[in-house]
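Numbering (the numbering used here), first residue to last: 51 to 208. Where is the CB? At the ideal position from N, CA and C, for every residue including glycine. This one's a predicted model, so the numbers in the text were calculated from it and none came from an experiment.
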Ligand code: URA
């Protein structure tokens, strides 16, 4: 969902219960936190693009398995080709591992610039993780500030 010409693309893992019901990514509690993160960057949800690796909710909301992520990867790759964002932010393990083709954990990769098809990619923690570990919000804000610097964005004045 979002602007197909967005400069910034967020990628999550897969739809949860609310997202599956409504057919839109990041609309539950984690999505509301993502919206606040986007606003803190001086952007709004319609100005960015938000996608998931897998497009349907895995049973019992489990993490998508490699067969599932691989079978959805060409679709996500096409989305990325069409949007051609200037920066990709991956949220949590699933999109980070899928797009970087690694098993390295998000705890090791977050905050360090990577790339996908020559597009700068910054992994950060998933907003659902932040809902359970609010002490790590500062780390994610550091990551988002790196993205803002790369896009030439300034935080809105409060
Ligand atoms: N978590 C995700 O990774 N994606 C969503 O759309 C919602 C929750």
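Task: Three-state secondary structure (DSSP) of residue 164 - done: Position 114 of the chain shown, counted from the start, is the residue given in the question as residue 164. In the structure shown, residue 164 falls within a strand segment according to DSSP collapsed to helix, strand and coil.
Open item on the list: On the CB-based measure, 16 or more other CB atoms within 10 Å of its CB, does residue 160 come out buried or exposed?
Closed with: Here residue 160 is taken as the residue at index 110 of the chain shown, counted from 1. Result: buried.
TODO: Just grab the DSSP bridge partners of residue 61 for me.
DONE: Position 11 of the chain shown holds residue 61. Assignment of beta-bridge partners to residue 61 by DSSP yields 101 and 140.
Task: Top-ranked residue by Cα proximity to residue 179, from 79, 98, 172 and 162 - done: Taking the first residue of the chain shown as 1, we reach residue 179 at position 129. Considering only alpha carbons, the answer is 79.
- [ ] Provide the residue span of the alpha helix (DSSP H) that contains residue 93, from first to last.
- [x] Here residue 93 refers to the residue found at position 43 of the chain shown. Note, residue 93: premise wrong, no alpha helix (DSSP H); not H, not E.
Open item on the list: Quick check: is any heavy atom of the ligand URA less than 7 angstroms from the C-beta of residue 141?
Closed with: The count along the chain shown starts at 1 and reaches residue 141 at position 91. Set against 7 angstroms, the gap from the CB of residue 141 to the closest heavy atom of the ligand URA is smaller.
Open item on the list: the ligand URA and residue 76: does the residue's C-beta get closer than 7 angstroms to at least one heavy atom of that ligand?
Closed with: Here residue 76 refers to the residue found at position 26 of the chain shown. At least one heavy atom of the ligand URA is nearer than 7 angstroms to the Cβ of residue 76, so yes.
Task: Assigned secondary structure, residue 171 (DSSP; H/G/I helix, E/B strand, else coil) - done: Here the question's residue 171 lines up with position 121 in the chain shown. The three-state secondary structure of residue 171, taken from DSSP, is strand.
Open item on the list: Just checking residue 65 against the ligand URA - is the residue's beta carbon closer than 7 angstroms to any of the ligand's heavy atoms?
Closed with: In the chain shown, counting from the first residue as 1, residue 65 sits at position 15. Yes - the ligand URA has a heavy atom lying nearer than 7 angstroms to the Cβ of residue 65.
- [ ] Give a yes or no on contact between the segment 65-81 and the segment 151-165, applying the rule of three or more CB pairs nearer than 8 angstroms.
- [x] With the cut-off at 8 angstroms, the segment 65-81 and the segment 151-165 do not touch.
Open item on the list: Measuring alpha carbon to alpha carbon, tell me which residue in 147, 62 and 173 is nearest residue 102.
Closed with: Start at 1 with the first residue of the chain shown, and residue 102 comes out as number 52. Residue nearest to residue 102 within the set 147, 62 and 173 is 62 (criterion: CA-CA distance).
Task: residue 118 beta carbon near the ligand URA (any heavy atom closer than 7 angstroms) - done: Position 68 of the chain shown holds residue 118. Residue 118: no, Cβ never under 7 angstroms from the ligand URA.
Task: Assumed close pair residue 173, residue 148 - CB separation to whole angstroms, cut-off 8 angstroms - done: Counted from its first residue, the chain shown places residue 173 at position 123. Counted from its first residue, the chain shown places residue 148 at position 98. That belief does not hold up - the Cβ atoms of residue 173 and residue 148 are roughly 11 angstroms apart, past 8 angstroms.
Task: Counted within 10 angstroms of its Cβ, other Cβ atoms place residue 216 as buried (16 or more) or exposed - done: As displayed, the chain neither begins before 51 nor continues past 208, which places residue 216 out of reach and without an answer.
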